[in-house]
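See below for the structure under consideration.
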Amino acid sequence: PATHERADDGAMRLGGIDVRDLAREHGTPLYVVDEDDMRSRARSFARHFGEAFAAHGTTCDVYYASKALLSSRISAWMHEDGVRIDVASGGELELALRGGMPAAHITLHGNNKSDAELRRALAAGVGHIVVDSLTEVEVLSALAVEAGVVAPVLVRVTTGVHAGGHEYIATSHEDQKFGLSLASGAALGALRAVHEAQGLELRGIHTHIGSQILSIDAFRESAERMLGLRAAFAAESGVEVPEVDLGGGYAIAYTPEAEALDPSVAAREIADAVAAAVATVGGSWPTFSIEPGRAIAGPAGITLYTVGVVKHVALEGGGDRQYVAVDGGMSDNPRTIMYGAEYAAELADRESEAPPVLSRVVGKHCESGDIVVRDVHLPADTARGDLLAVAATGAYGRSMASNYNAILRPAVVAVRDGSSQVLIRRDTMEDLLGWDVAPD
Ligand code: LLP
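All the letters of the sequence shown, read from the start, carry residue numbers 6 to 445 under full-length UniProt numbering.
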């Protein structure tokens, strides 16, 4: 998790700054990103995957899956750190470009891209467009011809590997909306279609088997199936597609007890599995890429809240539970209610000698499912005005935040060497009223 220490008086420090100063300067709720931590995770993926694949004489580029957390400055960090970017919408594309990410280092994803998004990607000259359907092959081909350009294309493949994780984030089983099925032959059909289409250059194949994956075997299996598909297409067409993208999904630890996937181990084992598969199917080596999102941004971020109301509720079996209500909730962290995600929480403005008691951190929204941390032990003297920190919220927090209950979405600040910098500013009441069209 984001590197934090405690000052002599027990207050948490992030990036060399006392959390009380962060709260005073930027307000709460506040997403705080440890810049060094996030960037070193990005560099570590680039180094480990680069080296593991270089050992077999090929390359592996790392694309940061920017849906996890994006601002133009984050795009600039990634570029400086030798990492590329994957975007899943026109908005993410604009933010990545604004940060100076070269278009050639951007991959555009999406199962239902609009004509406008495809046109913008072609005009910018993005490095890859991942096609997700035969409809899109036709549409993109026409748009590329119209623009007088050749679009570099990857075909999104559903490999059928079951990698676990919550149903809503698993992506490679058959009965879901993404990709073209390997088993049914649809993937092979799409490769043919792209290969024959005007205005498209078939660069390779892409798969993403899901998120929060702990099993290296799943990545191994999916890489083997992808190389099998590449060989099958080569056998019928004589074309060995040059690139294979294996997607993201590397698990992080949301709580101190949880396990994470170590990128250095994953890199070595996936590269070795790929080498064995290439040896089995024969032919040339492709180049590779991966797309970690959560594993780069998640552990580097913490959310700071201010405690408002503390209540004690009797439990049916006896005892009670301390409900600690904070100034945010499901609008800044919908993951608990959406996926049953688990987090840890700790008192941040001080250390307490009071006994830890069974607690639940809840938000300020008008529904009982508005839970940030379902089960956690917090000091019995947790009180109004305390600061609470929830770790590992760097990914899919701000990027999935909403304005539910006309709540103002929190700012994201980066901390480093004792100073803080706003990456995304807090919504203001003027923003909120500005989105509203008032009656005449
Ligand atoms: N590549 C593609 C094509 C993806 O669809 C995704 C995630 C990634 C890479 C990055 O996956 P990661 O390494 O971050 O697991 N909102 C959910 C996660 C949805 C992920 C969707 N696609 C959550 O909060 O867990």
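Just so it is clear, CB atoms sit at the ideal spot from N, CA and C, and this is done for glycine as well.
Values in this document were obtained by computation on a predicted structure and should not be read as measured data.
In angstroms, rounded to a whole number, what distance separates the CA positions of residue i and residue j?
| i | j | result |
| --- | --- | --- |
| Ala394 | Gly322 | 29 Å |
| Pro261 | Asp386 | 23 Å |
| Gly288 | Met231 | 14 Å |
| Val331 | Thr311 | 6 Å |
| Pro384 | Pro339 | 25 Å |
| His9 | Leu139 | 49 Å |
| Arg365 | Glu347 | 11 Å |
| Ala16 | Gly62 | 49 Å |
| Phe224 | Ile275 | 7 Å |
| Met83 | Ala47 | 7 Å |
| Ser49 | Ala129 | 29 Å |
| Asp91 | Gly132 | 10 Å |
| Leu100 | Arg78 | 9 Å |
| Asp14 | Phe54 | 42 Å |
| Thr285 | Pro291 | 14 Å |
| Thr212 | Arg103 | 27 Å |
| Arg52 | Pro444 | 57 Å |
| Leu75 | Val88 | 14 Å |
| Ala59 | Cys65 | 8 Å |
| Ala319 | Arg379 | 16 Å |
| residue 451 | Val199 | There is simply no residue 451 to check, as the chain begins at 6 and stops at 445 in what is shown. |
| Glu56 | Ser269 | 10 Å |
| Gly95 | Thr112 | 12 Å |
| Ala271 | Leu352 | 34 Å |
| Gly204 | Glu151 | 9 Å |
| Ser404 | Ile22 | 24 Å |
| Gly306 | Gly324 | 34 Å |
| Ala12 | Gly423 | 13 Å |
| Glu226 | Gln426 | 42 Å |
| Ala263 | Pro361 | 20 Å |
| Gly390 | His31 | 15 Å |
By alpha-carbon positions, which one of the options ends up nearest to residue i?
| i | options | result |
| --- | --- | --- |
| Gly252 | Ala281, Ala300, Val270 | Ala300 |
| Pro34 | Asp42, Met43, Val24 | Val24 |
| Ile221 | Gln181, Arg273, Ser71 | Arg273 |
| Ala396 | Val381, Arg389, His84, Ala70 | Val381 |
| Glu141 | Leu123, Gly153, Ala152, Tyr328 | Leu123 |
| Ala419 | Gly95, Ser77, Val37 | Val37 |
| Pro297 | Val67, Pro444, Ala60, Gly21 | Val67 |
| Arg44 | Ala81, Gly55, Thr64 | Ala81 |
| Ala121 | Ser407, Val144, Thr285 | Val144 |
| Gly313 | Val367, Ile342, Met405 | Val367 |
| Leu317 | Val329, Gly306, Leu309 | According to the sequence shown, residue 317 is His rather than Leu. When each option's Cα is compared against that of His317, the closest is Val329. |
| Gln327 | Arg235, Ala388, Ile214 | Ala388 |
| His167 | Ile214, Ala12, Lys118, Lys369 | Ile214 |
| Gly153 | Gly20, Leu127, Gly95 | Leu127 |
| Asp369 | Ile342, Gly333, Glu241, Ala282 | Note that residue 369 corresponds to Lys in the displayed sequence, not to Asp. That would be Gly333, whose Cα lies nearest to the Cα of Lys369. |
| Ala109 | Leu98, Asn116, Ser425 | Leu98 |
| Cys371 | Met343, Ala349, Asn410 | Asn410 |
| Met343 | Met335, Gly20, Asp26 | Met335 |
| Asp39 | Glu435, Leu428, Met434 | Leu428 |
| Ala406 | His114, Ser146, Thr308, Asp354 | Thr308 |
| Glu201 | Ser146, Asp375, Gly233, Ile412 | Ser146 |
| Gly345 | Ala280, Tyr259, Arg125, Asn408 | Tyr259 |
| Arg18 | Leu363, Met434, Arg355, Glu435 | Arg355 |
| Val279 | Ser242, Gly233, Glu241, Leu363 | Gly233 |
Does the separation of the CB atoms of residue i and residue j fall below 8 Å?
| i | j | result |
| --- | --- | --- |
| Val162 | Leu148 | no |
| Glu206 | Val249 | no |
| Ala28 | Leu392 | yes |
| Gly399 | Asp337 | no |
| Val158 | Ile134 | yes |
| Arg414 | Asp432 | yes |
| Ala237 | Leu193 | yes |
| Gly254 | Ser216 | yes |
| Ala73 | Gly303 | yes |
| Ala282 | Glu229 | yes |
| Leu196 | Leu266 | no |
| Asn116 | Phe183 | yes |
| Arg421 | Asp41 | yes |
| Val315 | Thr341 | no |
| Gly209 | Leu187 | no |
Under 8 Å between C-beta atoms, does residue i make it to chain B?
| i | result |
| --- | --- |
| Thr112 | Considering every chain present, this structure includes no chain B. It has just one protein chain. |
In the region 265 to 316, which residue ranges form an unbroken beta strand (DSSP E) of at least 3 residues, counting only runs that do not cross its ends? 292 to 295
Contiguous alpha helix (DSSP H) assignments of at least 4 residues, all confined to the region 112 to 191: 120 to 129, 139 to 152
In chain order, each beta strand (DSSP E) run of at least 3 residues that lies wholly inside the region 59 to 101: 65 to 70, 89 to 92
Quick one: which unbroken beta strand (DSSP E) runs of 3-plus residues sit fully inside the region 318 to 372? Chain order, please. 325 to 331, 350 to 352, 361 to 367
Identify every run of the beta strand (DSSP E) within the region 196 to 269, keeping only runs that are complete inside it and at least 3 residues long; order them along the chain. 205 to 211, 248 to 250
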